[in-house]
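Chemist: Here's a structure for you.
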Amino acid sequence: MTGWRHSITLRLALAFALLAALVFAALGIYLSRSADRHMAELDAHELLGKLALARHAGGNERSPAALAARLGDALVGEHGVIVAVDSEKGAIFAWPDAGKARALVQASAAVGETPLPLEVAGRDYRAAAGAIHTGWGEEARVVVARDIRHHTDFLDQMRRDFWLAVLAAALLTAGAGLLVARRGLLPVRAIAQAAGRISAGRLDERIPEHDVPAELDELVSAFNAMLGRLEESFRRLSDFSADLAHELRTPIHTLRMQTEVSLGKPRSVDEYRDLLASSLEEYERLSRIIGDMLFLAKAEHGLVSPGQETIALRGLCRRLVEYYGILAEDIGLELRGDEAAIPGDRLMLERAIGNLLVNAIQHTPSGGRIVLAIAREAERAVIIVSNSGPAIPPEALGRIFDRFVRLNQESEGSGLGLAIARSIVHAHHGTIAVRTGERTTEFVIGLPLRVAR
Amino acid sequence: MKILIVEDEAKTGDYLRQGLAEAGFTVDLVRNGVDGMHEGLSGDHDLLILDVNLPGLDGWQVLKALRAAGRELPVLFLTARDQVEDRVRGLELGADDYLVKPFAFSELLARVRTLLRRGRVREAETLALADLQLDVLKRRASRAGRRIDLTAKEFALLELFLRRPGEVLSRSYIASQVWDMNFASDTNVVEVAIRRLRAKVDDEFTPRLIHTLRGMGYVMEIR
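Quick note, the sequences are listed as chains A and B, same order. For reference, each letter of the first sequence is one residue, going -19 to 433 in our numbering. For reference, each letter of the second sequence is one residue, going 15 to 237 in our numbering.
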């Protein structure tokens, strides 16, 4: 029922038709009015001419008979004209016959020198009347009338034709509108078809942007941008699954091997205990990887909402230095800088900064030095973890925050530490960057001092 | 001490029961929310371990019913989802603590003991095991009459062991109690810290008091 509302083509066609009908109708009304007026002017001109003639003749002729003869001569060949000249004594002149003239005189009592439409003996006339001073000294009245039937017939015909034209124009423009709209909407259909071709396996499909009408440009580029984002998230999701499967496979493989081998022959209780303890370690590793991966997945999809308590960064960093300093046996670990309080999630920030510290400790040669510095800027707090040590190779710099990137192959870590740090910083609307030089590497976190809205 | 476990996952429930029973507790195990509510209302348990996802009545509903009936026993809830809302909800409904699956059994045991101990005993001011002595107020430690110098954190670590003799303390539990680090970390900070503590309180003495349980954590006891 509401189909027509939803069809742009139909709506456009109807709008076109309505518009054409309105324009033609207005034009028709205007033309018929001017034709009307023009005809009236022509009639008036003729009537006033006849009136002037009768006056002139009446003023010059010396007897009623002479006037009648003169007027009779002047009107020879005139059809559809009635002329009557009456004095107080009776009719002086009647054209074309006395009957018509009498009827005219009777009907025209109210008519003056301005021509008026008048019905005489059932027919439409236009009439004008005036007084004459006759050459023989009498006051007379002359009435002239013009049959306007052929004029009204013409106008009626014209109006009928016009309404037909309006109807035809409406139908034609509706049809044309239908075609134009359908043609104009072809690119939309192309978009729909392109959208129909898209599936999980074919997210690289795009709508060509070069031959799209200007009006659809925005739609098409928005659509393509959406596809781009979808493809990106989908790619990340599949990478995520692949990474996860790969990372889980190693500990599961270990577990399976050691269990199978151990069950292969009877062993001492101690050996079984060893096996179980070793399995427990692998389980722990597995659950940590799963926990970390879940955290990253949630963070990537904006599902991590950090708390907004006020965090005194210096105290938090001091505790981290105290804790991880235990690992930095022959490395100098120093905390510097001012106090800065930011809104955030204590657990998450501990984890993020802690991960950077662990990363620094792992990459600092013995005898080296790590500085954890806090600085307050106008809008943000900056936390810098810098460590002495060789530069990060340029090819690794770009993907240093990616999952499962381990620069140090012997490293025990899961390779998720920096990725998690980045997710946490982003969840706090902050920034994280890395700078590396020949002697020092710096990780810089910027966190807003006020709750970001 | 009598503990009620409400856990629908069969293996988890069985091992929880076995583990807690072997740790010296009397344990009842039920496998759905309705039984859990009845047992919780009618029983004389000192602690309830409650899984959140249960058939029939879920953990929240059981907890609500118990609190509405005025049962004030401590409740430790277990959840598989590490969602802030979950934690907040549980604690708002009157749970006393929570653990996210998968967790270490030693962690559970430590929490259970903390909950049962809460408000019962005044914490002792001097602690001792074998010839190791700790004066908590004066922050002094000695073994076999010899004064031992400890850093503040080493002292806190030793105090934790001495307050929990014979209990297995997992690495993450130790990290959270001594350093207030509350996230799972794959570093060996705790191992290094224990090694240093041992060098001061154990290496030159007999018997050894701090023992490593591979894969589980550490325990202080006379063996």
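In this text, a Cβ means the ideal position worked out from N, Cα and C, and glycines have one as well.
Using a cut-off of 8 Å between C-beta atoms, extract the partners of B/Lys214 located in chain A.
Modeler: The residue given as residue 214 of chain B occupies position 200 in the second sequence. Within chain A, no residue comes near B/Lys214; the closest Cβ sits about 14 Å away, beyond 8 Å.
Chemist: Excluding the five sequence neighbours on either side, which residues of its own chain have a C-beta within less than 7 Å of the C-beta of A/Met(-19), listed in chain order?
Modeler: By one-based count along the first sequence, residue -19 of chain A stands at place 1. Per-residue confidence for A/Met(-19) stands at a pLDDT of 44, beneath the threshold of 50, marking its modelled position as unreliable; the derived number appears in the next sentence. None.
Chemist: Tell me the start and end of each unbroken beta strand (DSSP E) in the stretch 63 to 142 of chain A that is at least 3 residues and wholly inside, in chain order.
Modeler: 70 to 75, 96 to 100, 103 to 113, 119 to 127, all fully within the stretch 63 to 142 of chain A.
Chemist: Comparing alpha-carbon positions, which option in A/His131, A/Ala111, A/Val85, A/Gly115 lies nearest A/Asp104?
Modeler: The residue given as residue 104 of chain A occupies position 124 in the first sequence. It is A/His131 whose Cα lies nearest to the Cα of A/Asp104.
Chemist: Which whole-angstrom value is the C-beta distance of B/His59 and B/Leu87, which I expect to be below 8 Å?
Modeler: One-based indexing of the second sequence puts residue 59 of chain B at position 45. One-based indexing of the second sequence puts residue 87 of chain B at position 73. Confirmed, Cβ separation roughly 6 Å.
Chemist: For B/Thr40, does the count of other Cβ atoms within 10 angstroms reach 16, so buried, or fall short, so exposed?
Modeler: Looking up residue 40 of chain B in the second sequence gives position 26. Exposed, because fewer than 16 other Cβ atoms sit within 10 Å of the Cβ of B/Thr40.
Chemist: If you draw a straight line from the C-alpha of A/Asp133 to the C-alpha of A/Leu(-2), how long is it?
Modeler: Working through the first sequence from its first residue, we reach residue 133 of chain A at position 153. Working through the first sequence from its first residue, we reach residue -2 of chain A at position 18. Rounded to whole angstroms, A/Asp133 to A/Leu(-2) spans 29 Å at the Cα level.
Chemist: Going residue by residue through the stretch 24 to 108 of chain B, where are the continuous alpha helix (DSSP H) segments of at least 4 residues, counting only ones entirely within it?
Modeler: Qualifying alpha helix (DSSP H) stretches, in chain order: 24 to 36, 47 to 56, 73 to 82, 98 to 106.
Chemist: So which residues on chain A does B/Thr93 lean against when the C-beta distance must stay under 8 Å?
Modeler: For the purposes of this step, residue 93 of chain B is taken as the residue at position 79 of the second sequence. Going along chain A, no residue has its Cβ under 8 Å from B/Thr93, so there is no contact; the nearest lies around 13 Å.
Chemist: Counting along the chain, where does the beta strand (DSSP E) carrying B/Glu181 start and finish?
Modeler: By one-based count along the second sequence, residue 181 of chain B stands at place 167. Unbroken run through B/Glu181: none, as it is neither H nor E.
Chemist: Does any residue of chain B have a CB that is nearer than 8 Å to the CB of A/Ile232?
Modeler: Locating residue 232 of chain A in the first sequence gives position 252, where the first residue counts as 1. Answer no: the Cβ-Cβ gap between A/Ile232 and chain B never drops below 8 Å.
Chemist: Tell whether a beta-carbon distance below 8 Å holds between A/Arg126 and A/Ala109.
Modeler: Stepping through the first sequence from its first residue, residue 126 of chain A is reached at position 146. Stepping through the first sequence from its first residue, residue 109 of chain A is reached at position 129. No; because the gap between Cβ atoms is not below 8 Å, this pair is not in contact.
Chemist: Beta-carbon separation of B/Leu113 and B/Arg131 under 8 Å?
Modeler: Numbered from 1 along the second sequence, position 99 holds the residue referred to as residue 113 of chain B. Numbered from 1 along the second sequence, position 117 holds the residue referred to as residue 131 of chain B. No, they are not a contact pair.
Chemist: Note down the Cα distance separating B/Ser186 from B/Lys167, rounded to an integer number of angstroms.
Modeler: Position 172 of the second sequence, counting from 1, holds the residue named residue 186 of chain B. Position 153 of the second sequence, counting from 1, holds the residue named residue 167 of chain B. For B/Ser186 and B/Lys167, the distance between alpha carbons rounds to 15 Å.
Chemist: Name the residues in the stretch 101 to 134 of chain B whose C-beta lies less than 8 Å from a C-beta of chain A; which are they?
Modeler: Listed in sequence order: Pro116, Ala118.
Chemist: Near A/Ser258, what residues of its chain come up, given a Cβ to Cβ distance below 7 Å and the 5 sequence neighbours on each side ignored?
Modeler: Mapped onto the first sequence, residue 258 of chain A falls at position 278. Gln238, listed in sequence order.
Chemist: So which residues of chain B does A/Leu260 contact, with C-beta pairs closer than 7 Å?
Modeler: The sequence position of residue 260 of chain A within the first sequence is 280, counting from 1. Result: Gly229, Met230.
Chemist: Starting from the Cα of A/Val3, find the closest Cα among A/Val146, A/Tyr304, A/Leu199 and give me that residue.
Modeler: Taking the first sequence and counting its residues from 1, one reaches residue 3 of chain A at position 23. Considering only alpha carbons, the answer is A/Val146.
Chemist: Specify the secondary structure class of A/Glu289 as computed by DSSP and reduced to three states.
Modeler: Indexing the first sequence from 1 puts residue 289 of chain A at position 309. Here A/Glu289 sits in strand by DSSP.
Chemist: Around the Cβ of A/His408, are there at least 16 other Cβ atoms within 10 angstroms (buried) or fewer (exposed)?
Modeler: Mapped onto the first sequence, residue 408 of chain A falls at position 428. So A/His408 ends up on the buried side.
Chemist: Can you give me the Cβ contacts of A/Leu296 inside the same chain, cut-off strictly under 8 Å, excluding the 5 residues immediately before and after it?
Modeler: As a position in the first sequence, residue 296 of chain A is number 316, starting the count at 1. Arg326, Leu329, Glu330, Ile333.
Chemist: Which runs of the alpha helix (DSSP H) spanning at least 4 residues fall entirely within the stretch 150 to 209 of chain A, listed in chain order?
Modeler: List check, alpha helix (DSSP H) in window: 166 to 177.
Chemist: Please identify the residue among B/Pro116, B/Thr93, B/Gly50 whose C-alpha is closest to the C-alpha of B/Leu105.
Modeler: Counting from 1 along the second sequence, the entry for residue 105 of chain B is found at position 91. Here the closest residue by C-alpha is B/Thr93.
Chemist: Cβ of A/Ala340 less than 8 Å from any chain B Cβ?
Modeler: What you label residue 340 of chain A is simply residue 360 of the first sequence in a count that begins at 1. False, the Cβ-Cβ gap to chain B never drops below 8 Å.
Chemist: Beta-carbon within less than 7 Å of B/Leu227's beta-carbon, same chain only, minus the 5 sequence neighbours each way: which residues are those?
Modeler: Here residue 227 of chain B is taken as the residue at index 213 of the second sequence, counted from 1. The answer, listed in chain order, is Val182, Val233.
Chemist: Against chain B, does A/Glu302 count as a neighbour if the rule is that its beta carbon must be under 8 Å from one of theirs?
Modeler: Along the first sequence, one-based indexing puts residue 302 of chain A at 322. It does: the Cβ of A/Glu302 has a partner Cβ on chain B nearer than 8 Å.
Chemist: Under a three-way DSSP split, which group does A/Asp219 fall into?
Modeler: Here residue 219 of chain A refers to the residue found at position 239 when the first sequence is read from its first residue. It is helical.
Chemist: Does B/Phe197 come within less than 8 Å of chain A when only Cβ atoms are used?
Modeler: As a first step, residue 197 of chain B must be located in the second sequence, where it is residue number 183. For B/Phe197, the answer is yes, since a Cβ of chain A falls inside 8 Å of its Cβ.
Chemist: For the beta strand (DSSP E) that contains B/Met234, what are its first and last residues?
Modeler: As a working mapping, residue 234 of chain B is identified with position 220 in the second sequence. Segment 231 to 234, the beta strand (DSSP E) holding B/Met234.
Chemist: Do B/Val48 and B/Leu64 count as a contact pair if the criterion is CB distance below 8 Å?
Modeler: Translated into positions along the second sequence, residue 64 of chain B becomes position 50. Translated into positions along the second sequence, residue 48 of chain B becomes position 34. No, they are not a contact pair.
Chemist: Report the CB separation of B/Leu143 from B/Leu61 in whole angstroms; it is logged as a contact under 8 Å.
Modeler: For the purposes of this step, residue 143 of chain B is taken as the residue at position 129 of the second sequence. For the purposes of this step, residue 61 of chain B is taken as the residue at position 47 of the second sequence. The pair is not a contact, with the Cβ atoms about 26 Å apart (cut-off 8 Å).
Chemist: Which residues, taken in chain order from the stretch 49 to 72 of chain B, show a beta carbon closer than 8 Å to some beta carbon of chain A?
Modeler: Listed in sequence order: no entries.
Chemist: Please state whether DSSP places A/Gly324 in a helix, a strand or coil.
Modeler: Here residue 324 of chain A refers to the residue found at position 344 when the first sequence is read from its first residue. Residue state, collapsed to three classes: strand.
Chemist: Using a beta-carbon distance below 8 Å, is A/Ser267 in contact with chain B?
Modeler: As a position in the first sequence, residue 267 of chain A is number 287, starting the count at 1. Yes, A/Ser267 lies at the interface with chain B (some Cβ there is under 8 Å from its Cβ).
Chemist: Ordered along the chain, which non-local residues of its own chain (more than five positions away) have a Cβ less than 6 Å from that of A/Arg343?
Modeler: By one-based count along the first sequence, residue 343 of chain A stands at place 363. The sequence given here places His at residue 343 of chain A; Arg does not occur at that position. So the qualifying residues of the chain are Gly369.
Chemist: Leaving out five residues before and five after B/Leu141 in sequence, what residues of the same chain have Cβ atoms less than 8 Å from its Cβ?
Modeler: Within the second sequence, the letter at position 127 stands for residue 141 of chain B. If we look at B/Leu141 and ignore the five residues flanking it on each side, its Cβ neighbours are Gln147, Leu148, Val150, Glu173, Leu176, Arg177.
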